[in-house]
Amino acid sequence: MACAIAKRTAASEVTSLPPTTRLRRIAHLDMDAFYASVELLRYPQLKGLPVVIGGGRRREDDLLGRLRAAHPEQEWSSAHLHHIPLDFFPRLDGYTGRGVITTATYAARQFGVGSALGLMKAAKLCPQAILLPVDFDQYRHYSRRFKAIVTDIAPLMEDRGVDEVYIDFTDVPGGQREGGRVLARLIQKAIFDDTGLTCSVGVAPNKLLAKMASEFNKPRGISIVWEEDLEDTIWPLACRKINGIGPKLEAKLQSHGIETIGQLAAREQQWLMDNFGERSGAWLHAASHGQDARAVVLESEPVSMSRETTFDADLHAVRNRAELGAIFTKLCEQVAGDLQRKGYVGKTIGIKLRFDDFQIVTRDQTIDHFTADAQEIRQFAGQCLKRAPLQKRLRLLGVRVGALLKAEDAAERAANSASHDQGADGLTGQLF
Ligand code: DCP
Ligand code: MG
0 MACAIAKRTA ASEVTSLPPT TRLRRIAHLD MDAFYASVEL LRYPQLKGLP
50 VVIGGGRRRE DDLLGRLRAA HPEQEWSSAH LHHIPLDFFP RLDGYTGRGV
100 ITTATYAARQ FGVGSALGLM KAAKLCPQAI LLPVDFDQYR HYSRRFKAIV
150 TDIAPLMEDR GVDEVYIDFT DVPGGQREGG RVLARLIQKA IFDDTGLTCS
200 VGVAPNKLLA KMASEFNKPR GISIVWEEDL EDTIWPLACR KINGIGPKLE
250 AKLQSHGIET IGQLAAREQQ WLMDNFGERS GAWLHAASHG QDARAVVLES
300 EPVSMSRETT FDADLHAVRN RAELGAIFTK LCEQVAGDLQ RKGYVGKTIG
350 IKLRFDDFQI VTRDQTIDHF TADAQEIRQF AGQCLKRAPL QKRLRLLGVR
400 VGALLKAEDA AERAANSASH DQGADGLTGQ LF
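Here it is, written out as structure tokens:
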């Protein structure tokens with residue numbers, strides 16, 4: 000499924016042409032096991048243990064209440080969380096439910112558990128893993144903190160989400176030393192000293208290669224990639240390692256016998272354009288040769304977030320109602336998840352349809368309050384769908400939430416106004 004975030008402004012772009020002889024050096028920084036590492040700051044007694052995050056929202060009062068009941072001999076407040084005995088933490092063993100893992104500590108990953116795996120499956124692989132609920136507020140807090148440290152040192156930073164950024168090292172003092180390693184080390188240390196969190200950094204001639212490189216030595220890794228490393232370092236990798244090649248494109252490439260980036264690079268550009276379309280073909284060709292001219296773009300606020308999916312086979316609104324309904328619900332959940340992770344709420348909810356004749360139809364409606372709630376988005380997106388013509392077969396379905404506001408600003412606004420809240424309770428969200 001595709002996920003998109005639309006930005007308000009044509010953000011100020013950093014020049015992609017370095018002055019004089021300076022080489023373009025772009026870094027990609029990605030926090031290590033981010034949500035889990037933030038939880039370990041709170042519960043340092045879990046360091047080194049398999050821990051997975053998911054399955055619900057953290058409610059501090061519940062936790063403290065249970066602690067007081069279980070260990071009344073001790074005083075419990077949020078200042079005492081590091082005293083919680085290990086046997087108090089819930090384990091994956093016996094988990095039942097539909098929750099999925101957001102992330103896992105590296106100790107847990109050794110058992111084959113990680114992001115997006117169902118918790119019930121994970122429970123079979125690693126029953127002893129400790130299961131902690133998510134706390135987006137805390138992750139956003141640390142996200143802001145590490146980004147502030149980066150921009151203090153290297154101001155040309157592009158925000159790519161909760162735990163990753165691109166940084167243009169080209170003109171930063173020291174940014175060229177050892178290909179960027181010295182500056183990467185400095186940033187890693189500054190983040191660790193301030194937050195106790197670790198990250199991995201890749202530095203390369205462009206974003207595409209930097210993004211790949213940051214994964215090479217995770218966790219706490221630094222990888223430096225030069226243009227001349229393409230053949231030895233990049234070409235043996237699976238095509239999937241190129242950011243932008245998802246499972247569907249990967250499968251299509253495989254059907255042509257293309258598994259590695261090197262095999263992709265060996266194809267003629269024209270052949271790629273004939274088989275994947277002009278734009279995609281040209282992009283695949285450039286990417287496989289390690290070329291990427293995109294500039295590092297300074298932060299800007301998103302105006303909308305959307306998720307859409309193209310179906311493997313066209314679907315009909317009536318005949319494939321159940322299947323479509325499930326996809327629709329999932330899209331709404333994903334948009335809600337994107338909003339919540341990034342700390343936004345929105346009040347314009349819309350849908351996008353593409354029919355088998357490629358006609359595109361959109362519908363949206365603006366509601367009287369801000370939301371990031373999946374059920375509510377599903378409810379209003381469902382109303383939009385009722386207003387769309389549904390005779391033809393569908394190729395694509397998308398859900399979009401716009402008119403975004405930072406969640407904390409919306410909360411403040413709500414508190415300051417007498418406007419009533421039309422909450423999600425009792426909304427059933429029926430499709431069509
Ligand atoms: N995340 C999520 N659902 C996913 C993937 C990720 O909720 N399917 C969240 C949890 C992660 C965070 O986003 O902590 C950052 O994603 P990463 O892919 O960078 O994963 P991690 O930082 O956890 O691990 P890594 O050390 O591999 O970067
Ligand atoms: Mg990460």
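Residues in the sequence shown are numbered consecutively from 0, following numbering that gives the first Met the number 0.
Idealized CB from N, CA, C, for every residue including glycine.
Checklist entry - If you draw a straight line from the C-alpha of Leu66 to the C-alpha of Thr197, how long is it? => result For this step, residue 66 is matched to residue 67 along the sequence shown. For this step, residue 197 is matched to residue 198 along the sequence shown. When rounded, the distance between both Cα atoms is 30 Å.
Checklist entry - Is the stretch 154-167 touching the stretch 29-39, taking contact as three or more C-beta pairs under 8 Å? => result Flag = yes, the stretch 154-167 and the stretch 29-39 touch.
Item to check | Expected contact under 8 Å - CB spacing of Ala115 and Leu91 to nearest Å | outcome: One-based indexing of the sequence shown puts residue 115 at position 116. One-based indexing of the sequence shown puts residue 91 at position 92. Rounded, the Cβ-Cβ distance is 15 Å, inconsistent with contact.
Checklist entry - Just to check, is the beta-carbon of Asp29 closer than 7 Å to a non-hydrogen atom of ligand 2? => result Here residue 29 corresponds to residue number 30 of the sequence shown, with the count starting at 1. With a threshold of 7 Å, the Cβ atom of Asp29 counts as near ligand 2, since some heavy atom of the ligand is closer than that.
Checklist entry - To the nearest angstrom, how far is it from the Cα of Gly98 to the Cα of Met119? => result Within the sequence shown, residue 98 is the residue found at index 99, counting from 1. Within the sequence shown, residue 119 is the residue found at index 120, counting from 1. Looking at the two C-alpha atoms, the distance is approximately 8 Å.
Item to check | Length of the line joining the Cα atoms of Gly111 and Gly243 | outcome: One-based indexing of the sequence shown puts residue 111 at position 112. One-based indexing of the sequence shown puts residue 243 at position 244. Here the alpha carbon of Gly111 sits roughly 24 Å from the alpha carbon of Gly243.
Next on the checklist: Given this structure, state the Cα-to-Cα distance separating Gly195 from Leu40, to the nearest angstrom.
Outcome noted: For this step, residue 195 is matched to residue 196 along the sequence shown. For this step, residue 40 is matched to residue 41 along the sequence shown. Taking the straight line from one Cα to the other gives about 7 Å.
Item to check | Beta-carbon proximity of Ile376 to Gly289, cut-off 8 Å | outcome: Start at 1 with the first residue of the sequence shown, and residue 376 comes out as number 377. Start at 1 with the first residue of the sequence shown, and residue 289 comes out as number 290. Judged by their CB atoms, Ile376 and Gly289 are not nearer to each other than the 8 Å cut-off.
Checklist entry - Comparing alpha-carbon positions, which option in Gly336, Lys391, Leu22 and Arg394 lies nearest Val171? => result For this step, residue 171 is matched to residue 172 along the sequence shown. It is Leu22.
Checklist entry - What is the DSSP secondary structure of Pro84, counted as helix, strand or coil? => result What you label residue 84 is simply residue 85 of the sequence shown in a count that begins at 1. The DSSP-derived three-state label of Pro84 is coil.
Next on the checklist: Is the beta carbon of Gly345 closer than 8 Å to that of Phe135?
Outcome noted: Against the sequence shown, residue 135 aligns to sequence position 136. Against the sequence shown, residue 345 aligns to sequence position 346. The Cβ atoms of Phe135 and Gly345 do not sit closer than 8 Å to each other.
Checklist entry - Going by C-alpha distance, which of Ser287, Leu28 and Ile326 is nearest Glu518? => result There is no way to answer for residue 518, as the model of the chain reaches only from 0 to 431.
Checklist entry - Over what stretch of residues does the alpha helix (DSSP H) that includes Ser36 continue unbroken? => result Translated into positions along the sequence shown, residue 36 becomes position 37. First-last of the alpha helix (DSSP H) with Ser36: Phe33 to Arg41.
Item to check | Own chain partners of Asn205 with C-beta closer than 8 Å, once the 5 adjacent residues on each side are dropped | outcome: Position 206 of the sequence shown, counting from 1, holds the residue named residue 205. For Asn205, where only same-chain residues beyond five positions count, the Cβ hits under 8 Å are Arg23, Ile25, Gly289, Gln290, Asp291, Ala292 and Arg293.
Next on the checklist: Less than 7 Å separating the Cβ of Thr102 from some heavy atom of ligand 1?
Outcome noted: Reading the sequence shown from its first residue, position 103 is the one you call residue 102. At least one heavy atom of ligand 1 is nearer than 7 Å to the Cβ of Thr102, so yes.
Item to check | Segments of 3+ residues assigned as beta strand (DSSP E) that fall wholly inside the stretch 102-184 | outcome: Whole beta strand (DSSP E) segments, 3+ residues: 129-133, 156-158 and 163-167.
Checklist entry - The alpha helix (DSSP H) spanning Leu433 covers which residue range? => result It is not possible to answer for residue 433, since the shown part of the chain is limited to 0 through 431.
Item to check | Distance between beta carbons of Tyr165 and Val295, contact taken as under 8 Å | outcome: Indexing the sequence shown from 1 puts residue 295 at position 296. Indexing the sequence shown from 1 puts residue 165 at position 166. Contact flag correct, Cβ pair sits at about 5 Å.
Next on the checklist: Please tell me whether Asp193 and Ile148 are closer than 8 Å, where the distance is taken between their beta carbons.
Outcome noted: Sequence index remark: in the sequence shown, residue 193 carries index 194 (1-based). Sequence index remark: in the sequence shown, residue 148 carries index 149 (1-based). Yes; because the gap between Cβ atoms is below 8 Å, this pair is in contact.
Checklist entry - So the alpha helix (DSSP H) Val99 belongs to, where does it begin and stop? => result For the purposes of this step, residue 99 is taken as residue 100 along the sequence shown, with counting starting at 1. Under the DSSP assignment, Val99 falls outside any alpha helix (DSSP H); it carries neither an H nor an E label.
Item to check | Backbone secondary structure at Glu307 - three-state DSSP | outcome: One-based indexing of the sequence shown puts residue 307 at position 308. Secondary structure of Glu307 (DSSP, three-state): strand.
Checklist entry - Can you list, in chain order, the residues of its chain whose CB lies under 8 Å from that of Thr259, leaving out five sequence neighbours each side? => result Stepping through the sequence shown from its first residue, residue 259 is reached at position 260. Spatial neighbours of Thr259 in its own chain (CB-CB distance under 8 Å, excluding positions within 5 residues in sequence) are listed in chain order as Trp234, Pro235, Leu236, Ala237 and Cys238.
Item to check | Pick from Leu207, Glu226 and Val202 that is closest to Asn216, judged by C-alpha positions | outcome: For the purposes of this step, residue 216 is taken as residue 217 along the sequence shown, with counting starting at 1. Scanning Leu207, Glu226 and Val202 for the CA closest to the CA of Asn216 turns up Val202.
Checklist entry - Are the beta-carbon atoms belonging to Arg392 and Leu314 less than 8 Å from one another? => result Translated into the one-based positions of the sequence shown, residue 392 becomes position 393. Translated into the one-based positions of the sequence shown, residue 314 becomes position 315. With respect to the 8 Å criterion, Arg392 and Leu314 are classified as neighbours on the basis of their beta carbons.
Item to check | For Val200, three-class secondary structure by DSSP | outcome: Locating residue 200 in the sequence shown gives position 201, where the first residue counts as 1. Val200 falls in the strand class under three-state DSSP.
Checklist entry - Closest to Pro154 by CA distance: which of Gly245, Gly220, Gly174 and Asp367 is it? => result Here residue 154 is taken as the residue at index 155 of the sequence shown, counted from 1. Nearest neighbour of Pro154 by Cα position, chosen from Gly245, Gly220, Gly174 and Asp367, turns out to be Gly174.
Checklist entry - What is the rounded straight-line gap between the Cα of Gly220 and the Cα of Lys188? => result Sequence index remark: in the sequence shown, residue 220 carries index 221 (1-based). Sequence index remark: in the sequence shown, residue 188 carries index 189 (1-based). The alpha-carbon atoms of Gly220 and Lys188 are separated by roughly 12 Å.
Next on the checklist: Three or more C-beta pairs under 8 Å: does that hold for the stretch 125-141 against the stretch 179-188?
Outcome noted: The stretch 125-141, when compared against the stretch 179-188, does not touch it at the 8 Å Cβ threshold.
Checklist entry - Can you tell me whether Ala5 is buried or exposed, with buried defined as 16 or more other CB within 10 angstroms of its CB? => result The sequence position of residue 5 within the sequence shown is 6, counting from 1. When all chains shown are included, Ala5 counts as exposed.
Item to check | Residues that Val334 bridges to, as DSSP identifies them | outcome: Reading the sequence shown from its first residue, position 335 is the one you call residue 334. Under DSSP, Val334 forms no beta bridge with any residue.
Checklist entry - In terms of residues, what are the limits of the alpha helix (DSSP H) holding His368? => result Translated into the one-based positions of the sequence shown, residue 368 becomes position 369. Unbroken run through His368 is the beta strand (DSSP E), Ile359 to Thr370; no alpha helix (DSSP H).
Item to check | Extent of the continuous alpha helix (DSSP H) to which Phe275 belongs | outcome: Position 276 of the sequence shown, counted from the start, is the residue given in the question as residue 275. Per DSSP, Phe275 belongs to the alpha helix (DSSP H) from Gln268 to Phe275.
Checklist entry - Would you say Phe145 touches ligand 2, meaning its beta carbon is less than 7 Å from a heavy atom? => result If you number the sequence shown from 1, residue 145 lands on position 146. Every heavy atom of ligand 2 is 7 Å or more from the Cβ of Phe145, so no.
Next on the checklist: Between the stretch 325-335 and the stretch 366-380, can you find at least three pairs of beta-carbon atoms closer than 8 Å?
Outcome noted: Yes: the two stretches touch, three or more of their Cβ pairs being nearer than 8 Å.
Next on the checklist: Is any non-hydrogen atom of ligand 1 found closer than 7 Å to the C-beta of Ala128, if you look at the structure I gave you?
Outcome noted: Taking the sequence shown and counting its residues from 1, one reaches residue 128 at position 129. Checking every heavy atom of ligand 1 against the Cβ of Ala128, none is found closer than 7 Å.
Checklist entry - Phe354 and Arg394: beta carbons closer than 8 Å? => result Locating residue 354 in the sequence shown gives position 355, where the first residue counts as 1. Locating residue 394 in the sequence shown gives position 395, where the first residue counts as 1. Yes, they are a contact pair.
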